[in-house]
Structures are given as structure tokens and as C-alpha cells.
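Colleague: Following the UniProt record's numbering, the numbering of the sequence shown begins with 1 at its first residue and continues without gaps.
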Amino acid sequence: MSNSFSIPRFRLPTLVSAIGSHLPQWPHSLALAAALNAAAKLRLLPADSLELLEGRCFVIEVLDAGGQASFSYRGGIFRPLFRVPEVPDLCFRANLSAFLQLLVRQEDPDTLFFNRELSIVGDTELGLLVKNMLDAVEWPPLTKAPIFRH
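(1) In terms of alpha-carbon separation, which member of ALA65, MET133 and GLN25 lies closest to LEU100?
(2) Report yes or no: do the segment 11–28 and the segment 58–73 share at least 3 C-beta pairs separated by less than 8 angstroms?
(3) By Cβ distance, which residues of its chain are closer than 8 angstroms to residue 158, with the 5 residues on each side in sequence left out?
(4) Please report how far the alpha carbon of GLU138 lies from the alpha carbon of PRO85, in whole angstroms.
(5) Decide if GLU107 is buried, meaning its Cβ has at least 16 other Cβ atoms within 10 Å, or exposed.
(6) How about ARG74 and GLU51: do their beta carbons lie closer than 8 angstroms?
(7) In the structure shown, what three-state DSSP assignment does ILE7 receive?
(8) List the endpoints of the continuous alpha helix (DSSP H) containing residue 154.
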């Protein structure tokens, strides 16, 4: 990601969360599981670490959007869960801006965690494994599409 681009810290209006929490959540789970499977297929996620996720359930909550995605890893595939587990093995909670900052590597999980912008609840060892997996991802450079050329 270019150093000239920065995602500011922001919080979506409360109305977004109020509406988002009443919408079906399964599309988020389906999309996230598909994206994680694509990342695994492209070998962006280390195979040895993936094996340690076997049989585990995860929940990602975007607090200010009122959305959540739940998924598990079974049989070498990320699978969407259409019912949120009562007690997932691991749950990440943050506002949208924090997740975007993680995605573009503007902030690392430790900084967001210690600044209380990212909550990680559940199995501590699993949380460290997932955090280290995310830190180890080498994102391929984005090619510039002709539409974005000057």
C-alpha cells in the first residue's frame, strides 16, 4: 500500500449499527469464508498454521457496522457458519476503521489491541497464532489497472 494513503480513525454513525444488526449476517460469513479460501489457494496463508485451525470456530464483529461473520476451518476449507456459535473459539471485535487499517497494514494488531481498538476474545494461544498468521501474510502488489492510470 502506498505511504501517501492513510485510513483515518472513524466511527460509523449509530444508525448504521442499528440497521446493520437487523440485517441477515450470513452474506458476511459467506464472503469472508470465500475470501479466506482464495487467500489459502494463493498460498498467502501458511499451510502449517492452517492445520492448527482445524475444527475451530471464529467470529469477526464489525461493531460500528452492526455486522458479523462467523466461520470454521474444517477439512482444509474455511466454511461459513450460518448460526453464530454461542462461544466461538476466537472472536475479533473492532470498528470498521480498525479492520481497514489492519488490512492495509497501516496498524498492526498489537497496537490496535493495546489502544483498545481491537478486542480479541477466546483461546489465547489460538489468538496469537491467528495474529502471527495475519502478520506473516505477504500481500501481492496490486497491478495498476488502465482505468487508474493518469
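Yeah, the Cβ is synthetic: ideal placement off N, Cα and C, and Gly gets one too.
Please read these numbers as outputs of a predicted model, since none were measured by experiment.
Modeller: Taking the definition as stated:
(1) ALA65
(2) yes
(3) Shown here, the chain extends from 1 to 150; a query on residue 158 therefore has no answer.
(4) So the two alpha carbons sit approximately 30 angstroms from each other.
(5) Burial check for GLU107: the Cβ neighbour count within 10 Å reaches 16 or more, so the residue is buried.
(6) no
(7) In the structure shown, ILE7 sits in coil (DSSP, three-state: anything other than H, G, I, E or B).
(8) Residue 154 lies beyond the range of the chain shown here (1 to 150); nothing can be said about it.
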